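Engineer:
Residue numbers (the UniProt record's numbering): 1 to 121.
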(Lines of atoms letter the chains of each structure in order from A; the text may use other names.)
(Lines give C-alpha, C1' and ligand atoms only; values in the text may rest on other atoms or scores of the structure.)
Protein backbone atom coordinates (compact mmCIF):
# COMPACT_ATOMS: atom_id res chain seq x y z
CA UNK A 1 0.00 0.00 0.00
CA UNK A 2 1.19 3.51 -0.77
CA UNK A 3 0.35 4.65 2.78
CA UNK A 4 2.71 2.00 4.15
CA UNK A 5 5.40 3.12 1.71
CA UNK A 6 5.08 6.73 2.87
CA UNK A 7 5.22 5.87 6.57
CA UNK A 8 8.09 3.41 6.12
CA UNK A 9 10.24 5.59 3.86
CA UNK A 10 9.55 9.06 5.30
CA UNK A 11 12.73 11.01 6.14
CA UNK A 12 12.15 11.20 9.90
CA UNK A 13 15.73 12.34 10.59
CA UNK A 14 15.15 15.47 8.50
CA UNK A 15 12.72 16.57 11.24
CA UNK A 16 14.66 15.11 14.21
CA UNK A 17 12.13 12.31 14.56
CA UNK A 18 12.31 8.52 14.65
CA UNK A 19 10.07 5.96 13.00
CA UNK A 20 7.29 5.42 15.52
CA UNK A 21 3.83 4.80 14.03
CA UNK A 22 1.04 5.53 16.49
CA UNK A 23 -1.55 3.00 17.59
CA UNK A 24 -4.14 5.25 15.90
CA UNK A 25 -2.41 4.74 12.57
CA UNK A 26 -1.79 1.02 13.04
CA UNK A 27 -5.46 0.46 13.88
CA UNK A 28 -6.83 2.71 11.14
CA UNK A 29 -8.91 1.45 8.25
CA UNK A 30 -6.53 3.11 5.80
CA UNK A 31 -3.50 1.30 7.27
CA UNK A 32 -5.31 -2.04 7.22
CA UNK A 33 -6.32 -1.52 3.59
CA UNK A 34 -10.01 -1.50 4.47
CA UNK A 35 -10.58 2.06 3.22
CA UNK A 36 -8.99 4.26 0.57
CA UNK A 37 -8.58 7.09 3.04
CA UNK A 38 -9.11 7.74 6.74
CA UNK A 39 -10.57 11.22 6.93
CA UNK A 40 -13.84 12.56 5.62
CA UNK A 41 -12.84 15.77 3.90
CA UNK A 42 -15.76 17.88 5.07
CA UNK A 43 -13.93 19.98 7.65
CA UNK A 44 -10.38 20.12 8.93
CA UNK A 45 -9.61 22.25 11.97
CA UNK A 46 -6.05 22.98 13.05
CA UNK A 47 -4.26 25.64 15.05
CA UNK A 48 -1.09 26.17 13.04
CA UNK A 49 0.66 28.15 15.77
CA UNK A 50 0.56 25.12 18.08
CA UNK A 51 1.99 22.70 15.55
CA UNK A 52 4.81 24.27 13.55
CA UNK A 53 6.51 20.89 13.09
CA UNK A 54 3.35 19.41 11.58
CA UNK A 55 3.12 22.39 9.22
CA UNK A 56 6.74 21.85 8.16
CA UNK A 57 6.02 18.18 7.52
CA UNK A 58 2.84 19.09 5.63
CA UNK A 59 4.81 21.46 3.38
CA UNK A 60 7.40 18.74 2.79
CA UNK A 61 4.70 16.20 1.93
CA UNK A 62 3.04 18.51 -0.58
CA UNK A 63 6.21 19.76 -2.24
CA UNK A 64 8.55 16.75 -2.06
CA UNK A 65 6.86 13.48 -1.19
CA UNK A 66 3.30 12.94 -2.32
CA UNK A 67 4.07 12.67 -6.03
CA UNK A 68 6.21 9.57 -5.35
CA UNK A 69 3.30 7.37 -4.36
CA UNK A 70 1.16 5.82 -7.08
CA UNK A 71 -1.55 4.92 -6.92
CA UNK A 72 -1.99 7.89 -4.68
CA UNK A 73 -3.48 6.93 -1.33
CA UNK A 74 -5.31 10.16 -0.71
CA UNK A 75 -8.13 11.96 -2.48
CA UNK A 76 -7.24 15.48 -1.48
CA UNK A 77 -5.27 17.77 0.74
CA UNK A 78 -7.26 17.12 3.93
CA UNK A 79 -5.86 13.60 4.24
CA UNK A 80 -2.37 15.11 4.29
CA UNK A 81 -3.16 17.12 7.43
CA UNK A 82 -3.63 14.09 9.67
CA UNK A 83 -0.66 12.39 8.02
CA UNK A 84 1.50 15.42 8.81
CA UNK A 85 0.45 15.15 12.45
CA UNK A 86 1.07 11.40 12.43
CA UNK A 87 4.53 11.77 10.92
CA UNK A 88 5.30 14.63 13.35
CA UNK A 89 4.20 12.38 16.22
CA UNK A 90 1.73 15.00 17.41
CA UNK A 91 -1.75 14.14 18.69
CA UNK A 92 -4.71 14.29 16.31
CA UNK A 93 -8.24 12.97 16.32
CA UNK A 94 -11.26 12.56 14.11
CA UNK A 95 -14.79 13.58 14.91
CA UNK A 96 -16.84 10.62 16.11
CA UNK A 97 -19.83 11.78 14.06
CA UNK A 98 -20.35 10.43 10.58
CA UNK A 99 -21.06 12.58 7.56
CA UNK A 100 -24.64 13.66 7.01
CA UNK A 101 -25.04 12.71 3.37
CA UNK A 102 -23.67 9.98 1.17
CA UNK A 103 -24.00 9.05 -2.45
CA UNK A 104 -25.93 10.99 -5.01
CA UNK A 105 -28.83 9.36 -6.86
CA UNK A 106 -27.41 7.00 -9.48
CA UNK A 107 -23.97 6.92 -7.88
CA UNK A 108 -24.15 3.20 -7.16
CA UNK A 109 -24.04 2.50 -10.91
CA UNK A 110 -20.78 4.45 -11.19
CA UNK A 111 -19.23 3.20 -7.93
CA UNK A 112 -20.91 -0.06 -6.86
CA UNK A 113 -18.35 -0.82 -4.14
CA UNK A 114 -18.07 2.57 -2.44
CA UNK A 115 -20.10 5.36 -0.92
CA UNK A 116 -18.94 8.91 -1.53
CA UNK A 117 -19.78 11.72 0.86
CA UNK A 118 -20.91 15.07 -0.46
CA UNK A 119 -22.04 18.36 0.99
CA UNK A 120 -25.61 19.49 0.51
CA UNK A 121 -25.59 23.21 -0.16
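Yeah, the Cβ is synthetic: ideal placement off N, Cα and C, and Gly gets one too. Fair warning: this is a prediction, and the values are worked out from it, not measured in the lab.
Looking at residue 54: is its Cβ nearer than 8 Å to the Cβ of residue 17?
Structural biologist: Sequence index remark: in the chain shown, residue 54 carries index 54 (1-based). Sequence index remark: in the chain shown, residue 17 carries index 17 (1-based). No, they are not a contact pair.
Engineer: Within 10 Å of its beta-carbon, does residue 49 have 16 or more other beta-carbons around it, so buried, or fewer, so exposed?
Structural biologist: Along the chain shown, read from residue 1 onward, the residue named residue 49 stands at position 49. It is exposed - the Cβ of residue 49 has fewer than 16 other Cβ atoms within 10 Å.
Engineer: Could you compute how far the alpha carbon of residue 61 sits from the alpha carbon of residue 80?
Structural biologist: Reading the chain shown from its first residue, position 61 is the one you call residue 61. Reading the chain shown from its first residue, position 80 is the one you call residue 80. CA-CA distance, residue 61 to residue 80, rounds to 8 Å.
Engineer: Could you please give the first and the last residue of the uninterrupted alpha helix (DSSP H) stretch that includes residue 51?
Structural biologist: Taking the chain shown and counting its residues from 1, the one referred to as residue 51 is at position 51. Where residue 51 is concerned, there is no enclosing alpha helix (DSSP H), given that its DSSP letter is neither H nor E.
Engineer: If I'm right that residue 39 touches residue 94 with Cβ under 8 Å, what's the distance once you round it to whole angstroms?
Structural biologist: For the purposes of this step, residue 39 is taken as the residue at position 39 of the chain shown. For the purposes of this step, residue 94 is taken as the residue at position 94 of the chain shown. That belief holds up - the Cβ atoms of residue 39 and residue 94 are roughly 6 Å apart, short of 8 Å.
Engineer: Give a yes or no on whether the C-beta atoms belonging to residue 57 and residue 88 are separated by under 8 Å.
Structural biologist: If you number the chain shown from 1, residue 57 lands on position 57. If you number the chain shown from 1, residue 88 lands on position 88. The answer is yes: Cβ separation under 8 Å.
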